[in-house]
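Visitor:
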Amino acid sequence: MGYQEAAAIPFGATAALHFIKIANIQPSQNVLIYGASGALGTMAIQLAKNQEAIVTAVCSAANSAMVKALGADKTIDCTKVDFNLQTQTK
1 MGYQEAAAIP
11 FGATAALHFI
21 KIANIQPSQN
31 VLIYGASGAL
41 GTMAIQLAKN
51 QEAIVTAVCS
61 AANSAMVKAL
71 GADKTIDCTK
81 VDFNLQTQTK
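Following this line, the structure appears as structure tokens:
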């Protein structure tokens, strides 16, 4: 691995930390992490659990065991649930 590749490693951690701080997660609060098996998501799981949150991780079934090993309390298979938000015009 070169320096350019290695320099990108902490990106997920720093971005996750930023968003976890903004969210001001409290103990026992429910947190949904979409894209939980990615660089940002894997770190967000660990940071949310550090805040004693109840974490639901959205990822593929293939990554379910991995995100549970990181601390997710529940997983949702992203291939089975449609998370597309539709806007409504009036």
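Numbering (the UniProt record's numbering), first residue to last: 1 to 90. Think of the CB as a built atom: it goes at the ideal place given N, C-alpha and C, for glycine as much as any other residue.
With which residues is L32 paired in a DSSP beta bridge?
Guide: DSSP, once it has assigned bridges, lists T56 as partnering L32.
Visitor: I'd like the span of the beta strand (DSSP E) that includes T75, first residue to last.
Guide: Where T75 is concerned, the enclosing beta strand (DSSP E) stretches over 74-77.
Visitor: I need the straight-line Cα distance from I54 to Y3, nearest angstrom please.
Guide: In a straight line, the C-alpha of I54 is about 36 Å away from that of Y3.
Visitor: Report, in whole angstroms, the separation of the C-beta atoms of S60 and T79, which I expect to be a contact under 8 Å.
Guide: With a Cβ gap of about 6 Å, S60 and T79 count as contacting.
Visitor: Under 8 Å between the Cβ atoms of S37 and E52?
Guide: Contact flag unset, no.
Visitor: For T14, does the count of other Cβ atoms within 10 angstroms reach 16, so buried, or fall short, so exposed?
Guide: Its Cβ having fewer than 16 others within 10 Å, T14 is exposed.
Visitor: Run the CB neighbour count on M1, radius 10 Å, all protein chains shown included, and call it buried at 16 or more, exposed below.
Guide: The residue in question, M1, is exposed, as its Cβ has fewer than 16 Cβ neighbours within 10 Å.
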